[in-house]
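Residue numbers (my numbering): 6 to 212. Below you'll find the structure, written out as structure tokens, and then a few comments.
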Amino acid sequence: MKALLLIDIQNGFCPGGHLPVPEGDQVVPVANKLIDSGKYDMVLASQDWHPAGHGSFASAHPGKKPFEMGMLSGKPQMMWPDHCVQNTEDARLHPALHVDGIDFIQQKGQKPDVDSYSAFRDNDQAALTGLAAQLRAEGVTELDLCGLATDYCVKFSALDAVEMLPGVTVRFIEDASRGIDPAGVQAAINEMRTRGVAIISSKDALT
6 MKALLLIDIQ NGFCPGGHLP VPEGDQVVPV ANKLIDSGKY DMVLASQDWH PAGHGSFASA
66 HPGKKPFEMG MLSGKPQMMW PDHCVQNTED ARLHPALHVD GIDFIQQKGQ KPDVDSYSAF
126 RDNDQAALTG LAAQLRAEGV TELDLCGLAT DYCVKFSALD AVEMLPGVTV RFIEDASRGI
186 DPAGVQAAIN EMRTRGVAII SSKDALT
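What follows is the structure, given as structure tokens:
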């Protein structure tokens, strides 16, 4: 059983969104080719789905500005601009994404006192989304991941997949992903590779 997991391909992370990833919208046509390819038995997507006033937002901390470090529930936390607030246009999956080909959407980041980069669990690693259990129940043996952003949500999802889905082959599709910081992207790719994630292209995924 082979699955594709699309990470946070949302308006908020594309140009014009509240937390845009450079060239974030350019992953959409590549993702659509993967969705439409027939190579996957299951296609899933994660969706950042924050309540208004989420604790990771700089606006929730008087005196803090976006992209400064702060604290959340006693742990260091990057302070983000308000983004992907539930039921807003910013939180919607990109309108050009072939959502009809997506079998399941896993929402994340709903607890106001902890951030959630990974599609599998919150950053404190205490609360599971249930996605790993679902993939195990479906008998998934191969998992390809891509989306936004490589150096945050994609990386953490890939690393959690390796840890939480033992025996499953996990692959990161590089050209179907974009990151925030070039140095951070390279560090993320190196870390994923070191932890056992295969780094591939969409061409590799489609052959």
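From the three backbone atoms N, C-alpha and C, an ideal C-beta is built for every residue, glycine too. Fair warning: this is a prediction, and the values are worked out from it, not measured in the lab.
From the DSSP output, which residues share a beta bridge with residue 175? 148
Would you tell me roughly how many angstroms separate the C-alpha atoms of residue 160 and residue 34, rounded to the nearest one? 21 Å
Smallest Cα separation from residue 30: which of 119, 38 and 15? 15
In the DSSP assignment, find the beta strand (DSSP E) that holds residue 18 and state where it starts and stops. Counting along the chain, residue 18 falls outside any beta strand (DSSP E), and DSSP gives it neither H nor E.
Residue range of the alpha helix (DSSP H) that residue 114 falls in? Unbroken run through residue 114: none, as it is neither H nor E.
In the structure shown, what three-state DSSP assignment does residue 187 receive? helix
Rounded to the nearest angstrom, what separates residue 134 and residue 125 at their Cα positions? 5 Å
Cβ neighbours of residue 52 in the same chain (closer than 6 Å, five flanking residues each side left out): 110 and 112
Taking the alpha carbon of residue 121 as the reference point, which residue from 32, 209 and 77 has its own alpha carbon closest? 77
Pair within 8 Å by beta-carbon distance, residue 12 and residue 48: no
For residue 79, three-class secondary structure by DSSP: coil
Bounding residues of the beta strand (DSSP E) (the contiguous stretch that carries residue 204): 203–205
For residue 212, which residues in the same chain have their Cβ closer than 8 Å to its Cβ, ignoring the five residues on either side in sequence? none
Inter-residue spacing [alpha-carbon to alpha-carbon] between residue 86 and residue 55: 12 Å
In the DSSP assignment, find the unbroken beta strand (DSSP E) run with residue 53 in it and report its ends. 47–53
Residues in the same chain with beta-carbon distance under 6 Å from residue 22, minus the five sequence neighbours each way, listed in chain order, please. 16 and 95
Enclosing alpha helix (DSSP H) for residue 141 [first to last residue]: 136–143
Within the same chain, show all residues whose beta-carbon is closer than 7 Å to that of residue 99, passing over the 5 residues directly before and after it, in chain order. 14, 15, 16, 19, 30 and 33
Tell me whether residue 211 sits in a helix, a strand or coil according to DSSP, three-state version. helix
Simplified DSSP assignment, three categories, for residue 126: strand
Quick one, are the C-beta atoms of residue 183 and residue 153 less than 8 Å apart? yes
Bounding residues of the alpha helix (DSSP H) (the contiguous stretch that carries residue 165): 160–169
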